Structures are given as C-alpha cells and as structure tokens.
Amino acid sequence: MLYLTAHPGRPVLIYTAGPLCPISRPIKVQILQPVHPDFVDKLLPEYLAFHNANSLYAPNVHTLPWNPTVRQKPPVAGGSEPLKVGTVEDIALSKCTMRVFTPEGNPPSEGWPVFLFFHGGGWTLGNINTENAFSTNMCKRANCVVVSVDYRLGPEEPYPAAVEDAVEALRWIYEKGKECLRVNVQKFAVGGSSSGANLAAVITHKAALMTPSISLTFQVLVVPVVDNTATSSRDPYPSWKENANTVSLVPDKMIWFRKNYSPNEEDWTKWDNSPIFAPEETFKKCPNAWIGVAELDILRDEGIAYGEKLRKAGAEVETRVYLGSPHPIMAMDG
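Residue numbers (the numbering used here): 63 to 396.
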C-alpha cells in the first residue's frame, strides 16, 4: 500500500515493495507545481483535486527547453470526449487547415448558423485536435456548423502569422461558406479560448474594416488575452498582481507565451496583437459579446476591461466571472 501526502516545496518519499524483494531505497519525487498557500482555500475543491492529480509533479512548460513535440499532448489536462456530430471535414487554406463540424440532419432553409473558433495554447501550443470536444459540444448543442482553425504557431511562425490565418478563415467562410458548407453567413459568430480568444477579438475589428465589411453576429471570448503589454508591474489590471501565485498560468509563463508569439516588443501595442487598443470606430461596429473570465486568472481584469470597452461602444455584453477558478477552466468542459 502506498500513501502520498503533498506538501508545497517538499519532496515526497515513495517506498516500493514487491513480494520477492526487500523494500527499496526511497525515491524522491519533486513537486514541480505546488499550490501556493494563498490559493489552497481560494480554489474550488474540485479544481484543487484535479490539479493535484494531474499537474503537481509535472513541470510547467515554460520551465523546460523548447521542444515542438510537446504539442502532441493537450495544452492542459482534462476535458471530455468529443461528441458524435453529422460530419467532420478538414479543409486546407493557404498556410493552415480548418476542421469543419456539421450537425446531424438537414440544415435550415437559409443554411446552418456558423461559429468560427480558435483554440488556446498561448499561440505556442495546441493543434487541430485540441478543441475537438468543445467544438463538437458547440456543434451539437447550438445546432450550428463549427469551424476550428489550426493556425500557425510561434516560435516557428510568430506574429502576425496567426492573425493572417484567422483573417483568411474568416474570408473563406464569408465568401465560400454558403456554397461549400451550407451555412448562413448572416448568422456568423466567432470565438476562442485564451490566445484563441485574442484572435477572435482581433478579427471582429478586422471584419469591420474590410471592404465590404463583414457583419458578425456574436463573439464568445473565454479567458481572453486582449492586452499583450500587461505585466505585474503595470497598474491597469490588478489581477496580474493578485493572482501572481496562481496555478497554471503564472506571469512568467504568460510572458514566455507572448515572446514566443511576438518576439519584437514594439509589436505588443499594435491592436491586432492587443485588441484592447483597436480603433474606437471599430469597437462601435463589433458584435455583441459573451465574455467568461476566471477569478483566479492573471488575465481576469483585462477581459473585464475589454467587455466594458465594448459596452461603452454600444455592444450588449455579458461578462461572467467564474469564482474559485484559474485560467484553464475550459479544459473542464466534461
């Protein structure tokens, strides 16, 4: 019988025994992602148990030498199995691929509603399979076509590669979606998680500036990154300081993601990198929004600020704060 008790900062001693061998020497197992004492009572008990089961002894990716094979694993543990939908099809764009999830049955006479989605992973992690569970849930429950984009990632393909892929996907659906996907582009929503929500927010502004402009119906931004100039030393977002010792997405990790994606610091203030700096005239043309943020996430306050900016520009915005939750809440979709 083996019992483990995790104490932040202390190694765990594991004794192994077999029926034909004496007890071996103790093996030290290092706790690599301890929960800071300030957050033990703040985290939902369910998430605390999840973290201890899945992340306690695993190194955080930003602490390791970069190896692109890490993308073969999900960016975070957790999640559920994909649901059965009508069809799943991959479509090649010029430099990336889109995966199209279509509901079962026949489309409405005017075509399926369509939801363009971008996965999370700090513009560094993830792939076309990352959000299959979320995409199929959205497809089945909202009865819409979901298009998930396997956009290019840093550090190999830095900014603005992902933005270019996002814009190409947007244009493709708008121009070819009716014929190729049987969708109704008058019911066209966009969304994403974390860095993917950044791309979704960016293309709502890009769509408004296109000639002719593309009118989007709605946007869904889950734990969005909207200001790539944010740090723990800047005042606008208290959550960067309040949650500096949170689990999973700590400040150093966020900066690591940012530099992988956008190595030139002078690009961080560009609005298609930090959509909170987008022109006021495009904010006035942005669609209504649902924004979900996590109470214990360093990105919480910039997501709230972005919602307020949309609201002041005339959009209807629902911002929901998930209490007791850290950044990777979307992985808990099951």
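Every residue gets a Cβ at the ideal spot worked out from N, C-alpha and C, and that includes glycine.
Remember, it's a predicted structure, so these values are computed and weren't measured experimentally.
Cβ-based burial, residue i [other Cβ within 10 Å; buried from 16]
| i | result |
| --- | --- |
| GLY397 | Because the chain here runs from 63 to 396, residue 397 falls outside it and cannot be looked at. |
| TRP398 | The first residue shown for the chain is 63 and the last is 396, placing residue 398 beyond what the model contains. |
| LEU66 | Only weak support exists for where LEU66 lies, its pLDDT of 38 falling under 50; the value from the coordinates is given anyway. The residue in question, LEU66, is exposed, as its Cβ has fewer than 16 Cβ neighbours within 10 Å. |
| ARG273 | Per the sequence shown, the amino acid found at residue 273 is Thr instead of Arg. When all chains shown are included, THR273 counts as exposed. |
| GLU343 | exposed |
| CYS242 | exposed |
| ASP212 | buried |
| ALA68 | Note that ALA68 scores 44 on pLDDT, short of 50, meaning its location in the model is unreliable; the coordinates nonetheless yield the value given after this. Exposed is the call here. |
| SER210 | buried |
| VAL132 | exposed |
| LYS268 | buried |
| ASN260 | buried |
| ALA120 | exposed |
| LEU94 | exposed |
| SER171 | exposed |
| ALA263 | buried |
Contact set for residue i: own chain, Cβ-Cβ below 8 Å, skip 5 residues either direction
| i | result |
| --- | --- |
| LEU145 | ALA195, THR198, ASN199, CYS201 and LYS202 |
| ILE366 | ILE353, VAL355, THR381 and VAL383 |
| HIS124 | ASP314, LYS315, TRP318 and PHE319 |
| ILE151 | The question names Ile, but residue 151 is Glu in the sequence shown. Hits under 8 Å: ARG161, VAL162 and THR164. |
| VAL102 | LEU110 |
| VAL312 | ASN122, ALA306 and ILE360 |
Other residues of its chain near residue i: CB distance less than 6 Å, five sequence neighbours each side excluded
| i | result |
| --- | --- |
| ALA251 | PHE177, THR279 and PHE280 |
| PRO169 | ARG244 |
| PRO390 | VAL138 and SER310 |
| SER301 | ILE360, ARG362 and ASP363 |
| TRP333 | PHE339 and ALA340 |
| ASN322 | THR186, GLY216 and PRO217 |
| VAL282 | GLY253 and TRP352 |
| ASN205 | PRO165 |
| TYR299 | ALA292, ASP363 and GLU364 |
| VAL379 | ALA351, GLY369, LEU372 and ARG373 |
8 Å Cβ cutoff met for residue i and residue j
| i | j | result |
| --- | --- | --- |
| SER336 | VAL288 | yes |
| ILE360 | THR308 | yes |
| ARG244 | CYS158 | no |
| TYR236 | PRO286 | no |
| GLY148 | PRO175 | no |
| TYR109 | PRO325 | no |
| ALA377 | PRO341 | no |
| VAL208 | PHE180 | no |
| SER294 | ALA306 | yes |
| HIS113 | VAL91 | no |
| ASN246 | GLY173 | yes |
| PRO136 | THR192 | yes |
Proximal residues to residue i (C-beta, below 7 Å), its chain only, five neighbours per side dropped
| i | result |
| --- | --- |
| PHE345 | LYS371, LEU372 and ALA375 |
| ASP329 | TYR221 and ASN335 |
| ILE265 | ALA228, VAL229, LEU232 and VAL252 |
| GLU357 | VAL383, TYR384, LEU385, GLY386 and SER387 |
| ASN398 | For the chain, the structure presents residues 63 to 396; residue 398 sits outside this window and is missing. |
Short CB-CB distance (under 8 Å) between residue i and chain D
| i | result |
| --- | --- |
| LEU283 | Absent from the structure: chain D. Only one protein chain is present. |
Restricting to runs no shorter than 3 residues, where is the beta strand (DSSP E) found entirely within the segment 344–380? 350–356
With a floor of 3 residues, list each beta strand (DSSP E) that falls wholly inside the segment 241–316, ordered by position along the chain. 245–255 and 280–284
Every unbroken alpha helix (DSSP H) within the segment 106–165, with a cutoff of 4 residues, ordered by chain: 107–116
Just to confirm the assignment: which complete beta strand (DSSP E) runs, minimum length 3, are found wholly within the segment 172–202? 174–180
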